[in-house]
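Undergrad:
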Amino acid sequence: MQPYPLWKTLTLVFVTLLGVLYALPNIYGQAPAVQVNTLSGDPLPSDFDATTEAALTAASLKAETSHAEKKHWVLRFASPEDQLKAADVLKRALGNSYIVALATDAKTPAWLLALGAKPMSLGLDLRGGVHFLLEVDIADAKKAAAQRYVTDIPNFLRKENIRYTGRRQDGETTVLEFADGALRESARKAIAKEFPELALDLPASSLTLTAKLTDVEIKRIVDFAVEQNLTTLRNRVNQLGVAEPLVQRQGLNRIVVQLPAVQDTTRIKDLLGATATLEYRAVEDSGAAADSAAASGIIPPGTDLFFTREGRRPALLKKEIIAAGVNLVDATATVDENGNPAVSVKLDSPGGKRMYDFTSKNVGKPMAVLFKEIVYETNYNAEGVPLREKRNVEEIISIATIQGIFGNQFRTTGLESKEAQSLSVLLKAGALAAPVEIVEERTVGPSLGADNIEKGFTAALLGLAMVSVFMAVYYRVFGLFAIAALVLNLVLVVAVLSLIGAALTVPGIAGIVLHMGIAVDANVLIYERIREELRNGVKPHEAIQHGYDRAFLTIADANVTVLIGTVMLFALGAGPVKGFAITLAIGILTSQFTAIVGSRALAQLVFGRKTRLKDLPIW
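Numbers given in the working numbering equal positions in the sequence shown, counted from 1, plus 8.
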């Protein structure tokens, strides 16, 4: 046989050692832990270790290890029972300023962690937790966008000195009325230039102009609403302190939220579905005119009727919004000069400019703070079946006289203490661009996750054993080479999954088991080619050489076609399908190396130096 290149042997040894090194942390496993971080997201105090140790000691508990990790503090415990007790103790001891969450902590030795080696992260179906599928109300997003033009277009026409006689909203269409055709045509040209995202129409039957969103703009609005909600939900989930959460888009208007190690879903559902926000509006009237509108139901044009939280007194607010939740940059719970709960608010540049312009012209006039929230409540029918209902809360939390000019920083009062804290968290996380509804909810218990791990591990071992028996019996010594290459392949797959941080799921385990057959299939092609060469009278050394060289392109072609399928699965699939595609794709790529380079190096080592080789143990 031709001498095997030294660089290939060294590459095989290097890759093997590297694979073993980065797969090794998975042997040590993970321990139950408690993760603590501040509600505000600020760094933990320097004496935090002493604080947690004192609280645990008082409850006769002790953590195995306690260390800082990024902005979190992680305490590892010997058993799940100690973990649960410690979480309760720390919640009581640390108060509402900290978030205490259940988590897991790797038992990996420090020297491996220093090299960047860490165990694979486990998916929800293997470690337990909750799974939510949220649906974004895109109809509400389109309606909200259309409503803005009922105000924006008339404001623009007034600036352009183009007079209109009436305005109204008809579904998602804004309708403007004009006195004559010349004014209507002038308005059409001006609006078309200023608002290119609108489709304009001039009905022949009346002197009206209709404006509605184009299909392209509607798609942009829907995409923006879903992406904005995605960002907001990620921020909210991060404030829960859950370790390794998953928040990702699925399809047109759905979002998947997976929270490992969480079992109590009550607070989670409240936080995910809440759409609390504030609107700052000018007050048209809070006296007799508002009382009359509340009694008769006839609301003057350009205003909306709301009621105050305290006393349920009616007030007419102008439709124009000075600033809203989308303009909020930061919000912090605080107290005013009288010690009452308040929220300190900071606006972005556009919102701050509008607030400055408004307060500059309206010192001494009232401005209202409108609190808006969508609340989901669970009620039960006569059969005891839970019914989740949506309720809109819209109430004025304060009407105050503008005492001076201010812009992007000010303070909102009129809140209860708990409400101020909750509102500041929601506002800091960001406002949802459109309401979301939980359409699917699943809870996976820790014991079920452990059972899935055990069954998956057993399935992988059985698959490996059955493939090994077949190869050893059918191809004898060369079958042993294939088994060694397959074991190395599994080590490399685990190492790559650990390095890239991909979460291993039950479908992912299925992908690993399936790829065993694909990996061995490459060796089958090589060995059958060697047999064919031997039947044709080729000498053993040359048969080995031809078998590996000539089967290479066939193996590569087969792997590329399977890889194309897995890429499509990953691109178009969701959740479990992606997990399956990732492990299968990694296995295909590593098998190309182990089946050809690995098994060939073993064949070279065993048969390469035998000068009088008459036959091969492959029959």
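Even for Gly, the Cβ is constructed at its ideal location relative to N, Cα and C.
#1: Can you find the residues in the same chain that come closer than 7 Å, C-beta to C-beta, to L191, ignoring five residues on each side of it along the sequence?
#2: Could you check which residue in G174, Q600 and N243 has the C-alpha nearest to that of S214?
#3: Within the same chain, show all residues whose beta-carbon is closer than 6 Å to that of A153, passing over the 5 residues directly before and after it, in chain order.
#4: Between the C-alpha atoms of K178 and E402, what's the straight-line distance to the nearest angstrom?
#5: Tell me where the alpha helix (DSSP H) around I572 begins and ends.
#6: Could you check the C-alpha separation between L206 and V183 for me, to the nearest Å?
#7: On the CB-based measure, 16 or more other CB atoms within 10 Å of its CB, does D469 come out buried or exposed?
#8: Go ahead and label F465 buried or exposed: buried means 16 or more other beta carbons lie within 10 angstroms of its beta carbon, across all protein chains shown.
#9: Of the residues F85, V585, V481 and T569, which one's Cα is nearest the Cα of I626?
#10: In whole angstroms, what separates the C-alpha of A298 from that of G587?
#11: Counting C-beta neighbours from all protein chains within 10 Å, is the total for R100 16 or more, i.e. buried, or is it exposed?
#12: Can you give, in chain order, each stretch of the alpha helix (DSSP H) that sits fully within the stretch 66-102 and has at least 4 residues?
#13: Please classify N460: does DSSP put it in a helix, a strand, or coil?
#14: I'd like the ranges of any alpha helix (DSSP H) spanning at least 4 consecutive residues and lying wholly in the stretch 452-521.
#15: Does the stretch 287-305 come within contact of the stretch 252-265, defined as at least 3 CB pairs closer than 8 Å?
#16: Might you give, ordered along the chain, the residues of its own chain that have their beta carbon closer than 6 Å to the beta carbon of H554, omitting 5 neighbours on each side?
#17: Out of Q417, F414 and P374, which has the shortest C-alpha to C-alpha gap to A408?
#18: Quick one: what's P13 bridged to in DSSP?
#19: With DSSP as the reference, identify every bridge partner of A207, one or two as the case may be.
#20: So does the stretch 33-44 actually touch the stretch 108-121, counting three or more Cβ pairs closer than 8 Å?
#21: My assumption, with CB atoms under 8 Å, is that D133 sits in contact with V452. Please give the rounded CB distance.
#22: Considering Cα atoms alone, identify which of A296, G310 and S300 is closest to R289.
#23: Within the chosen definition, does the stretch 565-581 reach the stretch 485-492 through at least 3 CB pairs nearer than 8 Å?
#24: Specify the secondary structure class of R537 as computed by DSSP and reduced to three states.
#25: Write down the C-beta distance between P322 and F315 rounded to the nearest angstrom, noting that I regard them as a contact closer than 8 Å.
#26: Hey, quick one: how far does the alpha helix (DSSP H) through S368 stretch, first residue to last?
#27: Name the DSSP bridge partner or partners of A339?
#28: Who pairs with S406 in a beta bridge, going by DSSP?
#29: Below 9 Å between beta carbons: does that hold for K30 and A94?
#30: Relative to the alpha-carbon of L336, which residue among F56, I330 and K354 has its alpha-carbon at the smallest distance?
#31: Report the three-state DSSP secondary structure of L613 (helix, strand or coil).
#32: For L14, is the classification buried or exposed, using 16 other Cβ atoms within 10 angstroms of its Cβ as the cut-off for buried?
#33: Counting only runs that start and end within the stretch 283-307, where is the beta strand (DSSP E) found for 3 or more residues in a row?
#34: Within the continuous alpha helix (DSSP H) that includes D160, where are the two ends?
#35: For V499 and G27, which I take to be in contact (beta-carbon distance under 8 Å), what is that distance rounded to the nearest angstrom?
#36: Measuring CB to CB, does Y556 end up less than 9 Å from R620?
TA: Reading off the structure:
#1: Sequence index remark: in the sequence shown, residue 191 carries index 183 (1-based). Correct list, in chain order: I170 and R171.
#2: Position 206 of the sequence shown, counted from the start, is the residue given in the question as residue 214. Ranking G174, Q600 and N243 by Cα distance to S214 puts G174 first.
#3: Here residue 153 refers to the residue found at position 145 of the sequence shown. Hits under 6 Å: I229.
#4: Taking the sequence shown and counting its residues from 1, one reaches residue 178 at position 170. Taking the sequence shown and counting its residues from 1, one reaches residue 402 at position 394. For the sequence presented, residue 178 should be read as Asp rather than Lys. Rounded to whole angstroms, the separation of the alpha carbons of E402 and D178 is 23 Å.
#5: Working through the sequence shown from its first residue, we reach residue 572 at position 564. Residues P548 to L580.
#6: On the sequence shown, position 198 is the one that residue 206 refers to. On the sequence shown, position 175 is the one that residue 183 refers to. Going from the Cα of L206 to the Cα of V183 covers about 12 Å.
#7: Your numbering for residue 469 matches position 461 in the sequence shown. Note that residue 469 corresponds to Leu in the displayed sequence, not to Asp. Classification of L469: exposed, given that the 10 Å Cβ count is below 16.
#8: Counting from one through the sequence shown, the residue named residue 465 turns up at place 457. The residue is exposed, with fewer than 16 neighbouring Cβ atoms inside 10 Å.
#9: Position 618 of the sequence shown holds residue 626. That would be V481, whose Cα lies nearest to the Cα of I626.
#10: For the purposes of this step, residue 298 is taken as residue 290 along the sequence shown, with counting starting at 1. For the purposes of this step, residue 587 is taken as residue 579 along the sequence shown, with counting starting at 1. In a straight line, the C-alpha of A298 is about 58 Å away from that of G587.
#11: By 1-based counting over the sequence shown, the position of residue 100 is 92. It is exposed - the Cβ of R100 has fewer than 16 other Cβ atoms within 10 Å.
#12: 88-102
#13: Indexing the sequence shown from 1 puts residue 460 at position 452. N460 falls in the helix class under three-state DSSP.
#14: 454-508
#15: no
#16: Working through the sequence shown from its first residue, we reach residue 554 at position 546. These residues qualify, in order along the chain: E541.
#17: As a first step, residue 408 must be located in the sequence shown, where it is residue number 400. Selected option, being the one with the closest Cα: P374.
#18: Taking the first residue of the sequence shown as 1, we reach residue 13 at position 5. BP columns for P13 are empty, so no partner.
#19: By one-based count along the sequence shown, residue 207 stands at place 199. Looking at the DSSP assignment, A207 forms a beta bridge with K220.
#20: yes
#21: Taking the first residue of the sequence shown as position 1, residue 133 is located at position 125. Taking the first residue of the sequence shown as position 1, residue 452 is located at position 444. About 6 Å separates the two Cβ atoms, so the contact holds.
#22: The residue given as residue 289 occupies position 281 in the sequence shown. Of the candidates A296, G310 and S300, the one whose C-alpha sits nearest the C-alpha of R289 is G310.
#23: As far as the Cβ criterion goes, the stretch 565-581 does not touch the stretch 485-492, which means the pair count is below three.
#24: As a first step, residue 537 is located in the sequence shown; it is residue number 529 there, counting from the start. Three-state DSSP puts R537 in a helix.
#25: Your numbering for residue 322 matches position 314 in the sequence shown. Your numbering for residue 315 matches position 307 in the sequence shown. Yes, they are in contact, since the Cβ atoms of P322 and F315 sit about 6 Å apart, within 8 Å.
#26: Position 360 of the sequence shown, counted from the start, is the residue given in the question as residue 368. Where S368 is concerned, the enclosing alpha helix (DSSP H) stretches over S357 to K369.
#27: The sequence position of residue 339 within the sequence shown is 331, counting from 1. V353, per the DSSP bridge assignment.
#28: Along the sequence shown, one-based indexing puts residue 406 at 398. Per the DSSP secondary-structure output, S406 pairs in a beta bridge with V377.
#29: The count along the sequence shown starts at 1 and reaches residue 30 at position 22. The count along the sequence shown starts at 1 and reaches residue 94 at position 86. It is worth fixing the name first, because residue 30 is Tyr in this sequence and not Lys. Not closer than 9 Å, so no.
#30: Taking the sequence shown and counting its residues from 1, the one referred to as residue 336 is at position 328. Ranked by Cα distance from L336, the options F56, I330 and K354 are led by K354.
#31: Here residue 613 is taken as the residue at index 605 of the sequence shown, counted from 1. In the structure shown, L613 adopts helical secondary structure according to DSSP, grouped into three states.
#32: Against the sequence shown, residue 14 aligns to sequence position 6. Looking at its Cβ environment, which holds fewer than 16 other Cβ atoms inside 10 Å, L14 is exposed.
#33: 285-293
#34: Within the sequence shown, residue 160 is the residue found at index 152, counting from 1. Run containing D160: I146 to K167, per the alpha helix (DSSP H) assignment.
#35: Locating residue 499 in the sequence shown gives position 491, counting from the first residue. Locating residue 27 in the sequence shown gives position 19, counting from the first residue. Going by Cβ atoms, the distance from V499 to G27 rounds to 5 Å, so yes, they are a contact pair.
#36: Counted from its first residue, the sequence shown places residue 556 at position 548. Counted from its first residue, the sequence shown places residue 620 at position 612. When the beta-carbon positions are compared, Y556 and R620 stay at least 9 Å from each other.
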